[in-house]
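First residue of the sequence shown? That's 7 in the working numbering, and the numbers climb one at a time after it.
A virtual CB, placed ideally from N, CA and C, is assigned to each residue, including glycine.
Fair warning: this is a prediction, and the values are worked out from it, not measured in the lab.
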Amino acid sequence: MNNNGTKLVRHVGPRSGFHFNYFEIRKQKYICANCGHTAIAEFNDVKPGDHIMRKVKQTAAMELSENVSQKHIAMDNNISTHTVMRQADGLFSYNKTNFHYLPKHIAFDDFKSGKFSESGMSMILIDSTMHRVLDVMRNRGDGALAAYFEQYSVEARRGVQTITIDLFTPYRKMIKALFPNAKMIVDRFGADVKIMDSFFGTARCRYPEKFSKPGFQPKMA
7 MNNNGTKLVR HVGPRSGFHF NYFEIRKQKY ICANCGHTAI AEFNDVKPGD
57 HIMRKVKQTA AMELSENVSQ KHIAMDNNIS THTVMRQADG LFSYNKTNFH
107 YLPKHIAFDD FKSGKFSESG MSMILIDSTM HRVLDVMRNR GDGALAAYFE
157 QYSVEARRGV QTITIDLFTP YRKMIKALFP NAKMIVDRFG ADVKIMDSFF
207 GTARCRYPEK FSKPGFQPKM A
């Protein structure tokens with residue numbers, strides 16, 4: 007491959023505070039002297055052929071566990087709703103579930119998954135100690151969750167000691183039936199944080215010109 011000039015490429019980077027970042031990188035271009043095939047140098051943090059950094063997509067995937075819409079996540083990370091939907095779809099196919107094991111301490115957290123769920127809401131199962139995603143359930147309905155957890159062995163469910171849920175979780179009856187030895191912990195702080203995040207996120211998306219002005223100081227009531 008021979009050098010064939012350079013190309014200036016613009017990538018969408020992670021947000022800094024209330025500002026969106028773009029990275030312009032001049033990449034080396036190559037051409038094959040025999041067949042004329044061309045190629046361009048790759049950047050480690052960006053998938054070949056893409057223009058969005060992996061960190062941005064990872065952030066969007068993490069925000070799916072918050073009680074906000076995919077449209078809000080897209081606006082918050084300066085990406086399209088289709089990109090957010092692809093990250094949601096990737097969550098469902100990534101995890102390989104072991105139905106013979108559950109950690110002693112787990113947590114449920116729902117998120118808006120759009121067309122990937124009949125109700126538009128899905129559920130994420132988390133290891134509370136290691137802060138690791140165990141699985142993602144497409145539907146969060148009471149019957150769907152009961153059918154899902156019934157796939158786990160009785161020994162695995164009996165070994166669960168605590169289940170952390172948010173203030174609005176309606177699954178207490180199902181938890182008592184399937185996890186006889188588990189105590190429920192209500193995460194009131196988590197619910198408050200979601201409300202505050204949703205409020206400030208909506209304000210930031212609705213009034214971006216105010217937050218982007220140099221020297222802007224928000225007024226606290």
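Bridge partners - residue i, DSSP secondary structure assignment
i: Met-86; result: The question names Met, yet the displayed sequence has Ser at residue 86. The partner list for Ser-86 (beta bridge, DSSP) is empty, contrary to what the question assumes.
i: Met-143; result: Met-129
i: Arg-32; result: Leu-14
i: Tyr-189; result: The question names Tyr, but residue 189 in the sequence shown is Lys. For Lys-189, which the question treats as bridged, DSSP gives the partners Thr-168.
i: Gly-19; result: Asn-27
i: Asn-9; result: Tyr-36
i: Thr-44; result: Ile-37
i: His-111; result: Thr-168
i: Asp-116; result: Met-129
i: Arg-138; result: Asp-133
i: Val-160; result: DSSP lists no partner for Val-160.
Residue i, buried or exposed, once every other Cβ within 10 Å from all chains shown has been counted against 16
i: Glu-69; result: buried
i: Asn-187; result: exposed
i: Arg-146; result: buried
i: Met-136; result: exposed
i: His-25; result: exposed
i: His-106; result: exposed
i: Pro-54; result: exposed
i: Asp-116; result: buried
i: Pro-176; result: exposed
i: Ile-31; result: exposed
i: Tyr-28; result: exposed
i: Gln-34; result: exposed
i: Ser-128; result: buried
i: Asp-56; result: exposed
Residue-level contact to chain B via CB, residue i, 8 Å cutoff
i: Asn-9; result: Checking the listed chains, one finds no chain B in this structure; it contains a single protein chain.
For residue j and residue i, believed in contact at Cβ under 8 Å, the rounded distance
i: Thr-89; j: Lys-63; result: 7 Å
i: Arg-163; j: Leu-140; result: With 8 Å as the limit, Arg-163 and Leu-140 do not qualify as a contact, their Cβ atoms being about 13 Å apart.
i: Val-18; j: Ile-58; result: 5 Å
i: Ala-152; j: Ile-132; result: Not really, about 19 Å apart at Cβ, beyond 8 Å.
i: Ser-86; j: Ala-80; result: 6 Å
i: Arg-21; j: Asn-104; result: That belief does not hold up - the Cβ atoms of Arg-21 and Asn-104 are roughly 35 Å apart, past 8 Å.
Any non-hydrogen atom of the ligand SAH within 7 Å of residue i CB
i: Asn-84; result: Only the bare structure without any ligand can be found here, which leaves the ligand SAH out of the picture.
Legend entry - Touching by the beta-carbon criterion (3+ pairs, under 8 Å), the region 163-172 and the region 183-194: yes
Inset, instruction - Mind the definition here: the region 8-24 touches the region 36-49 only if three or more C-beta pairs lie below 8 Å; say whether that holds. - result: yes
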